[in-house]
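Peer 1:
2 protein chains.
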Amino acid sequence: MHNLLVAQSGGPTSAINATLSGVITEAMIQGGIDRIYGGLNGIEGILQEKIIDLLDHINNTMDLDKLAQTPAAALGSCRYKLAKPEQDTAQYRVLIDIFRKYDISYFIYIGGNDSMDTVDKLARYCRSQQIEDIKIIGAPKTIDNDLMEIDHCPGFASAAKYIATTFAELERDVAVYDSFGVTIVEIMGRNAGWLTAASSLSRVNGNRGPDFIYLCEVPFSISRFLDDIRSRQSENRNLLIAVSEGIRDENGNYLSEQTPGNRPDRFGHKDIAGTGGVLAQIVRNELGCKTRSLELNLMQRCAAHLASRTDLNESRLLGTKAVQCAVQGQTGKMATLLRLPSKDRYRIQFAAADVSLVANREKTVPRQWINREGNGITREMTDYLTPLMEGEVPVLYRNRFPEYFTITLE
Amino acid sequence: MHNLLVAQSGGPTSAINATLSGVITEAMIQGGIDRIYGGLNGIEGILQEKIIDLLDHINNTMDLDKLAQTPAAALGSCRYKLAKPEQDTAQYRVLIDIFRKYDISYFIYIGGNDSMDTVDKLARYCRSQQIEDIKIIGAPKTIDNDLMEIDHCPGFASAAKYIATTFAELERDVAVYDSFGVTIVEIMGRNAGWLTAASSLSRVNGNRGPDFIYLCEVPFSISRFLDDIRSRQSENRNLLIAVSEGIRDENGNYLSEQTPGNRPDRFGHKDIAGTGGVLAQIVRNELGCKTRSLELNLMQRCAAHLASRTDLNESRLLGTKAVQCAVQGQTGKMATLLRLPSKDRYRIQFAAADVSLVANREKTVPRQWINREGNGITREMTDYLTPLMEGEVPVLYRNRFPEYFTITLE
């Protein structure tokens, strides 16, 4: 028996199920795979033997299409870090026992930087134990677009398309009153400003786009920010401003940490969001104009009804690629896609990268893709982002609402 | 010359331009109307003679279709209250002078309760001055669904469809981790909980729907709220909770006023949002579980890409009806729609209501449409809401993003 196990990990996106769909499809058509198992709640659930036979839940190829268009993680997720295999092998022994019990020859783990850390460690452990008949492959995803060794990350483009579409709509909403004001939109991204940069893509079809864009890669200066706003005050309209949640001041302190109400509670939790709210309070205090802040929050990562078709297609194919890598005998790799140099066409190539080059690293926005003033982006960024937005996924409506796929466990 | 003037007022919605499109279309095909003027920024702009010839901006009927699918107010809006005509006639004299200058025989004002106050006062003024050749008609809109004398308000159903769709997506997002937690979603509505109730519509297609729904019509008890959450703690999953921004405690105080950081700034402004944040803080402090709050904010009223076709169709037809009322010689009326009693079909009728019965009043959710525990809705609410969700508007994509209509002023 050669069975395959697939699981999902990290934050949800609109595309992680597309990759799952690609994995299942390729595993079905590959000759040598007998059963296709799904691990629930990532590696944490697998450690508890939460494993289902996926073909019990997929009735036909339309289910695979529906799964590919469904947001979040159909198998559930986890945030779980394995110990270093060089220091503590207990969990690895449990995992390998479970893999043996289910005759797992191929393990595909779909996730971001932390999940690639799991792939890396598990592959290292197998190597150290001369376990050669279990192939471990990562499939990338993250709305943050911060993985190394890949041109852009599955899930990112759909979130970006949601953000730019929402900006085009917000722009109309905030423009209706004939007076000066400021609307600050906080976008996900602690250390990488890719998603915030995507707000600029709303500058099509006669839209104005955001007035200013502040990415977390550039130290944030409150006085320059206020000057930017003042410079537009005479235009007598509502400014629309995009900011990364992770912007930091010149001393490296997160703006969000300055939230007045942001004290840890009695359990020690602290609210990390609030950058937009902090900035709005500053503008209100300093300029006295009508100011509003809003967060795109979870919506930006689960609004599957606005997914990029390019993103979902590529995400599916990365699932395909991951299975092929495993079947071909590779291990400790991540399925990846590269952009080929081309003057006037968007061309990509699927490949495999060494997962150790991906795990725990972050790819941030190059400084030269941000304008000199640090309040906007450059042409290079637009050229990079635009092809990723191509295409829409027809929303499958049933009973008046989009229909998504659910794996129902009794 | 018999000319028509149309303007928009109050908060933006996804449907207020559909009504504008209906007004323009009907004015074009009605025999007796010479020119179709648009007043910019509502009555406030009209007082400053900000008036454009709308047919300079509409090239063909496709533009009218595109306008109907465009969120916010293409003519701009205002929040402006006229003095009582019995007390101060100065502004009315200015308005009538401008109307005379442009040969306005018909004035259509699209808006909510406050805008109907403008219609009512202007009609009263005209009556008091025996001005009989200017007909003043209101066309309704408000996402809040709180207008009297109408079954449901243009713009409401599209916002409701956005909210229910977003809940179906959020439900998947918050479900990925296998642990207890609470996600609180704050929905617009200071005094009427209609939109919050619409979150329940996500209970189709295998979705679970919100675990609890708290409308502002029922005094909010923090202890009952915490008990509700505790009662589900054993289910070991993330609860999804819908709350109206306007929930008040037993003493009538807004929960949002209890925001720690919610102090007026040095200009006296106070942030009115924050109900979800306050509740999240309470849950975190009392139960110590992972808690998150998010606001659907402006997105719920401008996400035109998720509009209800029923809503946009009816909104357009209410514009048609408003013009017909004016041409037929009615004044001081609001075009309205009534639902006819019918066992198994959704049947409506267009009509005209006396605008004085609408102005400054609010229709809240009947107590019997909320469950006894005050944490959910009843079948009557579902039956009322469901037919309004019928149908989707095909999103017009251009350059990879939805294309909306803009009236470009040089």
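Quick note, the sequences are listed as chains A and B, same order.
Using this note's numbering, the letters of the first sequence correspond one by one to residues 1290 to 1699.
Using this note's numbering, the letters of the second sequence correspond one by one to residues 1290 to 1699.
For every residue, glycine included, the Cβ atom is placed at its ideal position computed from N, Cα and C.
1) Would you kindly report the start and end of the unbroken beta strand (DSSP E) that includes residue 1581 of chain A?
2) What are the boundary residues of the beta strand (DSSP E) that includes residue 1622 of chain A?
3) May I ask you to list, following chain order, the residues of the stretch 1308–1322 of chain A that have a beta carbon less than 8 Å from some beta carbon of chain B?
4) List the residues of chain B whose Cβ lies closer than 8 Å to the Cβ of residue 1367 of chain A, in chain order.
5) First and last residue of the alpha helix (DSSP H) that includes residue 1453 of chain B?
6) Considering only the alpha carbon of each residue, which of A/1491, A/1582, A/1678, A/1409 lies closest to residue 1642 of chain A?
7) Cβ atoms of residue 1358 of chain A and residue 1371 of chain A: under 8 Å apart, would you say?
8) By the criterion of Cβ-Cβ separation under 7 Å, what are the contact partners of residue 1594 of chain B in chain A?
9) Compare the C-alpha of residue 1497 of chain A against each of B/1695, B/1487, B/1296 and name the closest.
10) Does the CB of residue 1602 of chain B have a neighbour CB from chain A at under 8 Å?
11) Within 8 Å (strictly less), CB to CB, does residue 1716 of chain B reach chain A?
12) What are the residues in the stretch 1491–1513 of chain A lying within 9 Å of chain B by C-beta distance?
13) Decide if residue 1631 of chain B is buried, meaning its Cβ has at least 16 other Cβ atoms within 10 Å, or exposed.
14) Just by C-beta distance, which residues in the stretch 1676–1691 of chain B are closer than 7 Å to chain A?
15) Determine whether the beta carbon atoms of residue 1635 of chain B and residue 1683 of chain B lie at a separation below 8 Å.
16) Assuming residue 1654 of chain B contacts residue 1580 of chain B (C-beta within less than 8 Å), just tell me the rounded distance between them.
17) The alpha helix (DSSP H) spanning residue 1390 of chain B covers which residue range?
18) Can you grab the Cα-Cα spacing for the pair residue 1611 of chain B / residue 1397 of chain B, in whole Å?
19) From A/1469, A/1399, A/1328, pick the residue whose C-alpha is nearest to that of residue 1576 of chain A; which is it?
20) With a CB to CB cut of under 7 Å and the five nearest residues on each side skipped, what residues in its chain are close to residue 1323 of chain B?
21) Short of 6 Å in beta carbon distance, which residues of its chain neighbour residue 1515 of chain A, apart from the five on each side in sequence? Order them along the chain.
22) Kindly indicate which three-state DSSP category residue 1575 of chain B falls into: helix, strand or coil?
23) For the alpha helix (DSSP H) containing residue 1635 of chain B, list its first residue and its last residue.
24) Thinking C-alpha only, which one of B/1601, B/1647, B/1672 is nearest residue 1354 of chain B?
25) For chain B, check one thing: does any of its Cβ atoms lie closer than 8 Å to the Cβ of residue 1359 of chain A?
26) What is the residue span of the beta strand (DSSP E) that residue 1531 of chain B lies within?
27) Could you please tell me which residues of the stretch 1430–1448 of chain B, in chain order, have their CB closer than 8 Å to any CB of chain A?
28) Look at the alpha carbon of residue 1300 of chain B and the alpha carbon of residue 1402 of chain A, and state the distance between them as a whole number of angstroms.
29) I think residue 1620 of chain A touches residue 1475 of chain A, with their Cβ atoms under 8 Å apart; what is that distance to the nearest whole Å?
30) Over the uninterrupted alpha helix (DSSP H) stretch that includes residue 1395 of chain A, give me the two end residues.
31) Which first and last residues belong to the beta strand (DSSP E) in which residue 1475 of chain B is found?
32) Give every residue of the same chain whose Cβ lies closer than 7 Å to the Cβ of residue 1618 of chain A, excluding the five residues on either side of it in the sequence, and list them in chain order.
33) Counting contacts by CB-CB distance shorter than 8 Å, is residue 1362 of chain B in contact with chain A?
34) Taking the Cβ atom as the reference point for each residue, do residue 1589 of chain B and residue 1399 of chain B lie within a distance shorter than 8 Å?
35) Using DSSP bridges, identify the partner residues of residue 1687 of chain A.
36) Would you check if the distance between the CB atom of residue 1546 of chain B and the CB atom of residue 1510 of chain B is smaller than 8 Å?
Peer 2: Taking the definition as stated:
1) Residue numbering aside, residue 1581 of chain A sits at position 292 when the first sequence is read from its first letter. Element bounds for residue 1581 of chain A: 1579–1584.
2) Working through the first sequence from its first residue, we reach residue 1622 of chain A at position 333. Residues 1622–1628.
3) none
4) In the first sequence, residue 1367 of chain A corresponds to position 78, counting from 1. Those within 8 Å of residue 1367 of chain A in chain B are 1466, 1467.
5) Looking up residue 1453 of chain B in the second sequence gives position 164. Unbroken alpha helix (DSSP H) run through residue 1453 of chain B: 1445–1463.
6) Position 353 of the first sequence, counting from 1, holds the residue named residue 1642 of chain A. It is A/1409 whose Cα lies nearest to the Cα of residue 1642 of chain A.
7) Counted from its first residue, the first sequence places residue 1371 of chain A at position 82. Counted from its first residue, the first sequence places residue 1358 of chain A at position 69. No.
8) Taking the first residue of the second sequence as 1, we reach residue 1594 of chain B at position 305. 1454, 1595, listed in chain order.
9) Here residue 1497 of chain A refers to the residue found at position 208 when the first sequence is read from its first residue. Out of B/1695, B/1487, B/1296, B/1695 has the C-alpha closest to the C-alpha of residue 1497 of chain A.
10) Here residue 1602 of chain B refers to the residue found at position 313 when the second sequence is read from its first residue. So no, residue 1602 of chain B is outside the interface.
11) Since the first residue of chain B shown is 1290 and the last is 1699, residue 1716 of chain B is not available in this structure.
12) 1491, 1493, 1494, 1495, 1496
13) Taking the first residue of the second sequence as 1, we reach residue 1631 of chain B at position 342. Label assigned to residue 1631 of chain B: exposed.
14) 1678, 1679, 1681, 1686, 1687, 1688, 1689, 1690, 1691
15) Here residue 1635 of chain B corresponds to residue number 346 of the second sequence, with the count starting at 1. Here residue 1683 of chain B corresponds to residue number 394 of the second sequence, with the count starting at 1. It is not a contact, given that the beta carbons lie outside the stated cut-off.
16) Residue 1654 of chain B sits at position 365 when you count from the first residue of the second sequence. Residue 1580 of chain B sits at position 291 when you count from the first residue of the second sequence. That belief does not hold up - the Cβ atoms of residue 1654 of chain B and residue 1580 of chain B are roughly 26 Å apart, past 8 Å.
17) In the second sequence, the residue the question calls residue 1390 of chain B occupies position 101. Element bounds for residue 1390 of chain B: 1379–1390.
18) Position 322 of the second sequence holds residue 1611 of chain B. Position 108 of the second sequence holds residue 1397 of chain B. Roughly 7 Å between the two C-alpha positions.
19) In the first sequence, counting from the first residue as 1, residue 1576 of chain A sits at position 287. Selected option, being the one with the closest Cα: A/1469.
20) Residue 1323 of chain B sits at position 34 when you count from the first residue of the second sequence. Once the five neighbours on either side are set aside, the close Cβ partners of residue 1323 of chain B are 1290, 1291, 1292.
21) Looking up residue 1515 of chain A in the first sequence gives position 226. Closer than 6 Å at the Cβ level, and outside the excluded window around residue 1515 of chain A, lie 1575.
22) Here residue 1575 of chain B corresponds to residue number 286 of the second sequence, with the count starting at 1. Three-state result, residue 1575 of chain B: helix.
23) Stepping through the second sequence from its first residue, residue 1635 of chain B is reached at position 346. First-last for residue 1635 of chain B: undefined, no H or E at that position.
24) Here residue 1354 of chain B is taken as the residue at index 65 of the second sequence, counted from 1. With distances taken between Cα atoms, residue 1354 of chain B lies closest to B/1601.
25) As a first step, residue 1359 of chain A must be located in the first sequence, where it is residue number 70. So yes, residue 1359 of chain A belongs to the interface.
26) One-based indexing of the second sequence puts residue 1531 of chain B at position 242. Its beta strand (DSSP E) spans residues 1527–1533.
27) none
28) Taking the second sequence and counting its residues from 1, one reaches residue 1300 of chain B at position 11. Taking the first sequence and counting its residues from 1, one reaches residue 1402 of chain A at position 113. Going by the C-alpha atoms only, they are around 43 Å apart.
29) Along the first sequence, read from residue 1 onward, the residue named residue 1620 of chain A stands at position 331. Along the first sequence, read from residue 1 onward, the residue named residue 1475 of chain A stands at position 186. Actually they are not in contact, since the Cβ atoms of residue 1620 of chain A and residue 1475 of chain A sit about 40 Å apart, beyond 8 Å.
30) On the first sequence, position 106 is the one that residue 1395 of chain A refers to. First-last for residue 1395 of chain A: 1393–1400, but that is the beta strand (DSSP E), not the alpha helix (DSSP H).
31) Translated into positions along the second sequence, residue 1475 of chain B becomes position 186. Taken as a continuous stretch (DSSP letters only), the beta strand (DSSP E) holding residue 1475 of chain B covers 1470–1476.
32) Sequence index remark: in the first sequence, residue 1618 of chain A carries index 329 (1-based). Here the set comprises 1424.
33) Within the second sequence, residue 1362 of chain B is the residue found at index 73, counting from 1. So, interface residue.
34) In the second sequence, residue 1589 of chain B corresponds to position 300, counting from 1. In the second sequence, residue 1399 of chain B corresponds to position 110, counting from 1. Their beta carbons are not under 8 Å apart, which means residue 1589 of chain B does not touch residue 1399 of chain B by this criterion.
35) Here residue 1687 of chain A corresponds to residue number 398 of the first sequence, with the count starting at 1. Partner(s): A/1690.
36) As a first step, residue 1546 of chain B is located in the second sequence; it is residue number 257 there, counting from the start. As a first step, residue 1510 of chain B is located in the second sequence; it is residue number 221 there, counting from the start. Against a cut-off of 8 Å, the Cβ pair of residue 1510 of chain B and residue 1546 of chain B comes out as no contact.
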